[in-house]
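Chemist: For the sequence shown, the numbering used here begins at 86 and goes up steadily by one.
Virtual Cβ for every residue (Gly too), placed ideally from N, Cα, C.
The structure that follows is given in the form of structure tokens.
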Amino acid sequence: MLLCIFPWEAALAQIDIKPKVAEIQEEQAVVWVSNTGDTPEFVNITLYQVTNPGVPPEEEQMIPIGLIKEPFLYATPFKLSLGPRQENQVQLNVLKQPDKEKVYRLAVIPQQKASISGTNNNVMLVSLGFNGLVRQLPANQTATWQSRCGEQGLQLEATGTVRVEFSDLQQDGQAIDNFNVYPDTPRLISAQTLSGKAQNKPFTLRCEAGKK
Numbered sequence: 086m087l088l089c090i091f092p093w094e095a096a097l098a099q100i101d102i103k104p105k106v107a108e109i110q111e112e113q114a115v116v117w118v119s120n121t122g123d124t125p126e127f128v129n130i131t132l133y134q135v136t137n138p139g140v141p142p143e144e145e146q147m148i149p150i151g152l153i154k155e156p157f158l159y160a161t162p163f164k165l166s167l168g169p170r171q172e173n174q175v176q177l178n179v180l181k182q183p184d185k186e187k188v189y190r191l192a193v194i195p196q197q198k199a200s201i202s203g204t205n206n207n208v209m210l211v212s213l214g215f216n217g218l219v220r221q222l223p224a225n226q227t228a229t230w231q232s233r234c235g236e237q238g239l240q241l242e243a244t245g246t247v248r249v250e251f252s253d254l255q256q257d258g259q260a261i262d263n264f265n266v267y268p269d270t271p272r273l274i275s276a277q278t279l280s281g282k283a284q285n286k287p288f289t290l291r292c293e294a295g296k297k
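This is how it looks when you write it as structure tokens:
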């Protein structure tokens with residue numbers, strides 16, 4: 086969720102979306118956008134493809150769908166007008182079905198014009214919005230993985246067609262956050278041991294320093 090705080094009084098827009106994680110496999114899916122605030126809002130809708138899924142959100146590399154020559158998915162409309170306590174839908178439309186899972190961010194950002202008291206300047210305020218996650222799934226879904234040891238630690242690779250979920254993790258004896266590994270996006274773990282669950286199945290990995 087995005088949050089910007091401004092040093093002057095302004096009506097606070099609050100935009101929510103559901104579901105927060107949308108999965109799409111057929112020709113179309115719907116995400117509902119709602120205005121939970123007390124003022125009308127104009128909302129910009131932008132769909133981005135994530136080229137390195139599975140990394141922390143602040144490290145994600147995203148390309149607007151409008152810049153992709155042959156996109157697999159697009160979202161409509163590009164803008165919404167929502168009154169207080171009103172909701173409307175954004176449609177996710179499939180152009181092509183992928184062989185492997187593709188990941189997107191659906192940016193739903195409200196904007197409003199406001200003027201600062203005592204000046205003639207108008208400023209654009211960005212209030213509360215969301216970057217929802219969209220998973221475009223292939224027809225054939227397999228969640229398999231493999232690991233290998235390297236000089237920098239462990240490398241995990243999803244060898245199937247959809248992401249592998251890693252949970253309840255211990256890295257060199259220390260608890261770490263859950264993460265997902267996606268096809269064609271290996272994940273490097275700077276550790277000699279890793280244990281936990283992959284797709285809810287227990288695993289333990291150990292590497293000797295300097296050996297592959």
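#1: State the start and end residues of the unbroken beta strand (DSSP E) segment that holds THR121.
#2: Name, in chain order, the residues that DSSP records as bridge partners for CYS292.
#3: Tell me whether VAL106 is buried or exposed, calling it buried when 16 or more other Cβ atoms sit within 10 Å of its Cβ.
#4: Leaving out five residues before and five after PRO156 in sequence, what residues of the same chain have Cβ atoms less than 7 angstroms from its Cβ?
#5: What is the rounded straight-line gap between the Cα of ASP253 and the Cα of PHE127?
#6: Taking the alpha carbon of GLU242 as the reference point, which residue from GLN99, PRO268, GLN259, GLU108 has its own alpha carbon closest?
#7: For LEU152, name the three-state secondary structure that DSSP assigns.
#8: Compare the beta carbon distance of ILE109 and LEU218 with 9 angstroms and say whether it is the shorter of the two.
#9: Please report how far the alpha carbon of PHE215 lies from the alpha carbon of VAL175, in whole angstroms.
#10: Between which residues of its own chain and ASN173 is the CB-CB distance below 7 angstroms, once the five residues before and five after are set aside?
Modeler: According to the structure shown:
#1: For the purposes of this step, residue 121 is taken as residue 36 along the sequence shown, with counting starting at 1. Where THR121 is concerned, there is no enclosing beta strand (DSSP E), given that its DSSP letter is neither H nor E.
#2: Numbered from 1 along the sequence shown, position 207 holds the residue referred to as residue 292. For CYS292, which the question treats as bridged, DSSP gives no partner whatsoever.
#3: The sequence position of residue 106 within the sequence shown is 21, counting from 1. The Cβ neighbour count for VAL106, taken over all protein chains shown within 10 Å, is under 16; the residue is labelled exposed.
#4: Residue 156 sits at position 71 when you count from the first residue of the sequence shown. Within the same chain, PRO156 has close Cβ partners ILE150, LEU180.
#5: Translated into the one-based positions of the sequence shown, residue 253 becomes position 168. Translated into the one-based positions of the sequence shown, residue 127 becomes position 42. When rounded, the distance between both Cα atoms is 41 angstroms.
#6: As a first step, residue 242 must be located in the sequence shown, where it is residue number 157. Of the listed residues, the one whose Cα sits closest to GLU242 is PRO268.
#7: In the sequence shown, the residue the question calls residue 152 occupies position 67. Helix at LEU152.
#8: On the sequence shown, position 24 is the one that residue 109 refers to. On the sequence shown, position 133 is the one that residue 218 refers to. No, the pair does not count as a contact, with Cβ atoms beyond the cut-off.
#9: Against the sequence shown, residue 215 aligns to sequence position 130. Against the sequence shown, residue 175 aligns to sequence position 90. Computed Cα separation, rounded: 13 angstroms.
#10: Residue 173 sits at position 88 when you count from the first residue of the sequence shown. So the qualifying residues of the chain are VAL118, LEU165, LEU167.
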